[in-house]
Each structure stands twice: as structure tokens, then as C-alpha cells.
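Q: Sending over a structure as C-alpha cells; questions will come in a sec.
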Amino acid sequence: MGSLKIENIKKSFGSVDVLKGIDLDVTDGEFVVFVGPSGCGKSTLLRIIAGLEDSTSGKVLIDGDNVGNVPPAKRGIAMVFQTYALYPHLTVKNNMSLGLKQAGEPADEIARRVGIASSMLSLEPYLERRPAELSGGQRQRVAIGRAVVREPKLFLFDEPLSNLDAALRVNTRLEIAQLHRRLAATMIYVTHDQVEAMTLADKIVVLNNGQIEQVGAPMELYNSPANEFVAGFIGSPKMNFIDGGRLGEAAKTIGVRPEHITVDRNAGTWKGTVIHAEHLGADTNLYIDTEKAGLLTVRIFGVYDAEPGAAIYATPDPARTYRFGADGRVIR
Amino acid sequence: MSTATSSLPRTIAAHAVLLAYTAIALFPVVVIVVNSFKSRNAIFRSPLSPPTTETFDLIGYTTVLRQGDFFLYFQNSFIVTVMSLFLVLLFGAMASFALSEYRFRGNSLMGLYLALGIMIPIRLGTVAILQLMVASGLVNTLTALILVYTAQGLPLAVFILSEFMKQVSDDLKNAGRIDGLSEYRIFFRLVLPLVRPAMATVAVFTMIPIWNDLWFPLILAPSEATKTVTLGAQLFIGQYVTNWNAVLAALSLAILPVLILYLIFSRQLIRGITSGAVK
Chain X
1 MGSLKIENIK KSFGSVDVLK GIDLDVTDGE FVVFVGPSGC GKSTLLRIIA
51 GLEDSTSGKV LIDGDNVGNV PPAKRGIAMV FQTYALYPHL TVKNNMSLGL
101 KQAGEPADEI ARRVGIASSM LSLEPYLERR PAELSGGQRQ RVAIGRAVVR
151 EPKLFLFDEP LSNLDAALRV NTRLEIAQLH RRLAATMIYV THDQVEAMTL
201 ADKIVVLNNG QIEQVGAPME LYNSPANEFV AGFIGSPKMN FIDGGRLGEA
251 AKTIGVRPEH ITVDRNAGTW KGTVIHAEHL GADTNLYIDT EKAGLLTVRI
301 FGVYDAEPGA AIYATPDPAR TYRFGADGRV IR
Chain F
1 MSTATSSLPR TIAAHAVLLA YTAIALFPVV VIVVNSFKSR NAIFRSPLSP
51 PTTETFDLIG YTTVLRQGDF FLYFQNSFIV TVMSLFLVLL FGAMASFALS
101 EYRFRGNSLM GLYLALGIMI PIRLGTVAIL QLMVASGLVN TLTALILVYT
151 AQGLPLAVFI LSEFMKQVSD DLKNAGRIDG LSEYRIFFRL VLPLVRPAMA
201 TVAVFTMIPI WNDLWFPLIL APSEATKTVT LGAQLFIGQY VTNWNAVLAA
251 LSLAILPVLI LYLIFSRQLI RGITSGAVK
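Chains X and F are the protein sequences, given in the same order. At position 139 of the first sequence (counting the first as 1) the number is 139 in UniProt numbering, and the numbers step up by one without a gap. At position 238 of the second sequence (counting the first as 1) the number is 238 in UniProt numbering, and the numbers step up by one without a gap.
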């Protein structure tokens, strides 16, 4: 209960092609994250799955049924929005139960489901309050609760954590992960934050310019990115890209992650000077200007003392260096 | 509060300017109300002095209330204003919702067309409107006035409301759609309450010209049964003799209902104006 199949979805607004043919399979119980820079079409894709937007062409199948002409309320989906989108004039309880009332569920069934959802999200003390009397984190929990009571085939999350502050974001992320484990429901989650994608997903879909760049498990994307875009998007700090010509390589671009470069004061592959050091406690980010490879970011685990201006040698791990061709694809 | 606004000379200066403006704005109204309580001679001898025990006279009010069907006129004005207001707000809000919410071919052209009425006064079409009303047999009915005022009020209503409707969160409307609310319920239950301040603003701007209008009642509905207050007050203005007591009393009375309506909307109005300006 809860598989999704997308076949060649295209969407244009006037002459602008937002989605250029998306194919995707989501199996039951999977947590799939759509990630990409803003404007890549990930939210539009989610809205097409929800039925809030019509696709220009292509098919959406939920549990094998083509839902092209089915209104959002009848698709068996529930959605959590970035801005919570709670009904301001209704109490928490009524916010959660409105959809069920509209669907004509019996009152005791509604009460049962609201009870389960509110205890799951510890919302019981707030059931009679209005959204204006809740904090941001509580509001987002209510929005999640509103989705849970619908017992949908498919949960859709549209950047649900973007409006929360950093500490709450981590907590709510954890709650969503637990929710997925407990409900074993299919979830589709849109974000521009690759940390959320990496931490939550069973499967990440990287989108760029209306196209899927790569689909895979988080570690798959990290360890074997298909192209330069995915390599640069997944991982923080970002992968270093070095012009192949400068290093005398045949590949157009050489990529190496900051954590796969080691530094030494006396010897190494690339000589350079430290420009800036960021001390984060658990690790240290060094920005090094090298003669051969240009500006590099290096991530060192633990504390490392380096004064700006100091001479230093950087050595990439050859086993974890990526080579990209002129078309941006990785050369294996 | 910032220090600039709480400094004493600035506060005094600001209040002086505002008080001066209030005085200028209220002066004609005060003169009307004050003189409506005076005898005819006193009105002409010293128009600016307040009524004393000697000059105090309710002759104007007794004339107005005795003469003609002044209650009927009030009722007519009230029906026309409230009905037009209701229709303007309803259709204006619905049109703005459609313009701001749905993407369709010619959307912006339609918006422009609906807003065009702000620039072209409806009175230019008086002759055609009169012909239309004659042809449809609506002359000397309140319906004629309500229709004309609805048309007159819609452009501004659509213009203001569609701006406000655009600010209503898309997510909220989409949440309603996912919960299975119909477009009508989304409009009435989710969107309208959120644009209430804007509705009040539109209501005030629409209501006052309708209540004060003399032109269309005179042309479309001058019969005794359909006269409005402003038209009724003309009864006392003659070619040679004008019963000033009655005219002033009628005008003073005419202020009251619109003042009450204004007070109802004003709390919302201030929020509407500032939220449009600041955010």
C-alpha cells in the first residue's frame, strides 16, 4: 500500500520548461527525498504528485492507478507544508480532523485517529488551542499530525523544516525519521538541504534544471556520484573541483572531497599557503591556495593549528579522486 | 517606541498639524449640525455661533419628520447602500480570488479590464444606462440604483482585493484542497477571513459615495417611493425659497447611519490601510 510511479512527467509554464521528463519508481515504505537547488522543479514535481498542479504531459500512478484526473483529496495522500498552513480559525483538534470530516468518517473513528496522532506527537495539551497560540515547532507538529490522521498511502513533505530554527530542525528531523519507522509509510520529502536528504532518505533523487541527475542511496551518491553536479551538491563542505589541464590530466575536471585531502607541513603533492582556517571543534576547515591546483578546501578531523600565511602541502587520496569528462559525467 | 517620536516638541508639532487638519475637515460638518438646531433668523445672522436658549429651535427637524416620507427615504438609502455594498464585496472578492488564484489565458488582461472602471467615471455612461433601465423597465426602482452602484464599486474592490488575495498563503489553500474542501469553502472559510481588513477598507470606500450620491437617484429613481435621503433633502431647496432649517436637519440626520456603518468598519479599516502600506 503506497507505491508511486512517475512516467515521463513534463511541466511547462508558458515557454519555460520546469520539468523535462521525469521517470521515477518509489516502492512501498520507502523514504524518498527530492533534493536540488532552488528552481530545479522539485516542489513542482511534488505538487504534481499531490494533484495541486497539472502536468503538461506524463502519468502519475499511485498504487498502480493513474491519478491524472483524481482530485488531491481522493488520491490517498497527505501533505506537510513549509509554512505549516494550519487553518487559523480552527483549534488544533479541528485542524487535524477537518479532512476526515470532509471525507465523511464517523465521529468515533475521527476521535480515535486524532488521539493516536496527538499522543504520537505529544500534542495532547494543545488540542483546544488555536495555531496562533502555538510555537513554530508545535505548529509543524500539528501539521504533521494533520497528515498522520489521514492515514495516507503517501506522505508528502514540502520543505517542512525550512521555517524552523536550527535546534528545532534537528529535533523535528528526528521526529520525522521516527515517524517513518513507526508508520512504515511511503514518504516523499522535498528539501534543498543536503544534510536533511542524507540523514533521512532511503533513496535520494537529485534534481537539477528539471531533470533527474541521479537516484540512489545516500552513501551511493556520496561515494559514486554520476556527474559533477551530484558530486558538488552532496557533501559539505563542497567537493573541490580542479581544472584537469592544470594537473596535466586527460579529464576535464578533477574532483576531490575536502575530507579526502591530507595536509603536511613538509612534503606533499601540492604546495600552497593557508588563507583561512575555520575551527569547528570536531573538525577544522582549511582554505589553501595551492600553486598547481588553485584554491582548495580541506577538512581535517579534530583540531589542527594553522596560521593564515603558513606554507603547507596538500595530498589528495588517489583512490577517492573523481575524474569528470567534458560533459560533466564521471569517468570510471 | 523610538526616541524620535517621543520627544516633546515633535509630539506637540505633530499634534498641532493633525488638530489643524481635523478642524478644517470637521468645520463644514460642525456648521451643518450646529445650525440645524437654530432658528432661521439665527442661521443667517450668526451662522458660526452655537445655539443659545433664544436661538435654539427644532423647527428643522420637525419639518423634516413631518414633511414627506423621510423615514421611507432613509430606508431607501439604507437598502440601496447595504445591498450594493454586499454585492460589491461578494462579487469583488470572488473576481479577485479568481484573478489571483487561477492561471488562465487573458488573466492579466481581465484584471486590467476590471480595473479600468477606476479611471473612467461611470457617470459618462449615464444616458446609455438610462436607456438600458427604461428598456428593461427598471426606472424608478431601487434595483436600478443597486445595479448601477454595484457596477460603480466593483473596479476599486477588485483592484484592492486582488492585491490582498495574492498575499494569502498558497500553502493554506492547498492544505484545504488536500483536506477535500471545495473551492467555495476555501474561498469563504479560509481566504475571506484573512482579507477581512481589506474588505473593510473597500466597504468604506464604496459605501460613502453611494450614500452621498445625488446623480443617479435623480435620474434613475426620482419617484416618491424610491427617493433616497440626499434626493429627499432637495425637497427643501426651492428655486426662490430654500428651507434651510429643514435642509440642514435632513443633512445632519443623513450623517448618522453612515457614521454608524463607518464605526463598524473603522477598526478593521486602519489595519487594512497600514497592512497594505507597511508590508
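Even for Gly, the Cβ is constructed at its ideal location relative to N, Cα and C.
#1: K173 of chain F: buried (16+ other C-beta within 10 angstroms of its C-beta) or exposed?
#2: Output, in sequence order along the chain, the residues in the region 89 to 113 of chain F whose CB is closer than 7 Å to any CB in chain X.
#3: List, from N- to C-terminal side, the alpha helix (DSSP H) runs of 4 residues or more that fit wholly inside the region 11 to 75 of chain X.
#4: Look at the alpha carbon of V80 of chain X and the alpha carbon of G268 of chain X, and state the distance between them as a whole number of angstroms.
#5: Can you tell me whether E7 of chain X is helix, strand or coil according to DSSP?
#6: Ends of the beta strand (DSSP E) at A200 of chain F?
#7: Please state whether DSSP places Q214 of chain X in a helix, a strand or coil.
#8: Chain X partners of R177 of chain F, CB-CB under 9 Å?
#9: May I ask you to verify whether the region 179 to 192 of chain F touches the region 104 to 122 of chain F, counting CB pairs closer than 8 Å and requiring at least 3?
#10: Compute the Euclidean distance between the alpha carbons of S7 of chain F and N107 of chain F, then round it to the nearest angstrom.
#11: Count the other CB atoms within 10 Å of the CB of D108 of chain X; is the residue buried (16 or more) or exposed (fewer)?
#12: Going straight from the alpha carbon of D305 of chain X to that of L295 of chain X, what length do you get?
#13: Mind pulling the chain X residues with CB within less than 9 Å of residue 313 of chain F?
#14: Nearest to G68 of chain X by CA position, among X:L4, X:V32, X:R112 and X:F34, is which residue?
#15: Output the residue ranges of the alpha helix (DSSP H) runs that lie fully inside the region 60 to 146 of chain X and measure 4 residues or longer, sorted by chain position.
#16: Would P197 of chain F count as contacting chain X if we go by Cβ distances under 8 Å?
#17: Who are the neighbours of L19 of chain X on chain F, taking C-beta pairs under 9 Å?
#18: Taking 8 Å as the threshold (beta carbon to beta carbon), is K279 of chain F in contact with chain X?
#19: Of the choices X:V35, X:E307 and X:E133, whose alpha-carbon is the least far from that of I288 of chain X?
#20: Whole angstroms is fine: what's the gap from E124 of chain X's alpha carbon to S118 of chain X's?
#21: DSSP has V149 of chain X in a bridge; who is on the other side?
#22: Using the three-state DSSP reduction, which class does D264 of chain X fall into: helix, strand or coil?
#23: My output table needs one value for H192 of chain X: the three-state DSSP class, helix, strand or coil.
#24: Any beta carbon of chain X sitting closer than 8 Å to that of D171 of chain F?
#25: First and last residue of the alpha helix (DSSP H) that includes K238 of chain X?
#26: Which residue or residues does DSSP assign as beta-bridge partners of I264 of chain F?
#27: Using a beta-carbon distance cut-off of less than 8 Å, what residues from the region 81 to 99 of chain X approach chain F?
#28: Looking at C-alpha atoms only, which residue of X:N240, X:D264 and X:R75 is the closest neighbour of V256 of chain X?
#29: Could you work out which residue in X:T297, X:G14 and X:F301 is closest to G281 of chain X when comparing CA atoms only?
#30: How about A226 of chain X and Q214 of chain X: are their beta carbons less than 8 Å apart?
#31: Indicate whether at least one CB of chain F lies closer than 8 Å to the CB of I188 of chain X.
#32: Give the straight-line distance between the Cα atoms of I9 of chain X and D54 of chain X, rounded to the nearest whole angstrom.
#33: Q138 of chain X CB to nearest chain F CB: under 8 Å?
#34: Using C-beta distances below 8 Å, list every residue in its chain close to Q194 of chain X, excluding the 5 sequence neighbours before and after it, in chain order.
#35: Return the residue from the list F:S136, F:N35, F:A95 and F:L90 that minimises the CA-CA distance to L220 of chain F.
#36: Do you know how far the Cα of A197 of chain X is from the Cα of T191 of chain X?
A: Taking the coordinates as given:
#1: buried
#2: none
#3: 42 to 50
#4: 50 Å
#5: strand
#6: Careful: A200 of chain F lies outside any beta strand (DSSP E), inside the alpha helix (DSSP H) at R196 to N212.
#7: strand
#8: A50, G51, L52, P71, P72 and A73
#9: Pairwise C-beta distances place the region 179 to 192 of chain F out of contact with the region 104 to 122 of chain F, as fewer than three of them are shorter than 8 Å.
#10: Computed Cα separation, rounded: 50 Å.
#11: D108 of chain X should be labelled exposed.
#12: 19 Å
#13: Here chain F covers residues 1 to 279 and nothing more, so residue 313 of chain F does not appear.
#14: X:L4
#15: Correct list: 92 to 102 and 107 to 120.
#16: no
#17: None at all; the shortest Cβ gap to chain F is about 16 Å.
#18: Low per-residue confidence applies at K279 of chain F: pLDDT is 33, beneath 50, and the placement is therefore not dependable, though the value from the model is reported in the following sentence. Chain X contact via Cβ: absent.
#19: X:E307
#20: 6 Å
#21: Answer by DSSP bridge pairing: none, since V149 of chain X is not bridged.
#22: Look at D264 of chain X here: in three-state DSSP terms it is strand.
#23: If DSSP states are grouped into helix, strand and coil, H192 of chain X belongs with coil.
#24: yes
#25: Neither: K238 of chain X is in no alpha helix (DSSP H) and is coded neither H nor E.
#26: Beta-bridge pairing links I264 of chain F to no other residue.
#27: Residues passing the 8 Å Cβ filter: F81, Q82, T83, Y84, A85, L86, Y87, P88, H89, L98 and G99.
#28: X:N240
#29: X:F301
#30: yes
#31: no
#32: 10 Å
#33: no
#34: V35, F233, I234, G235 and S236
#35: F:S136
#36: The alpha-carbon of T191 of chain X is positioned some 7 Å away from that of A197 of chain X.
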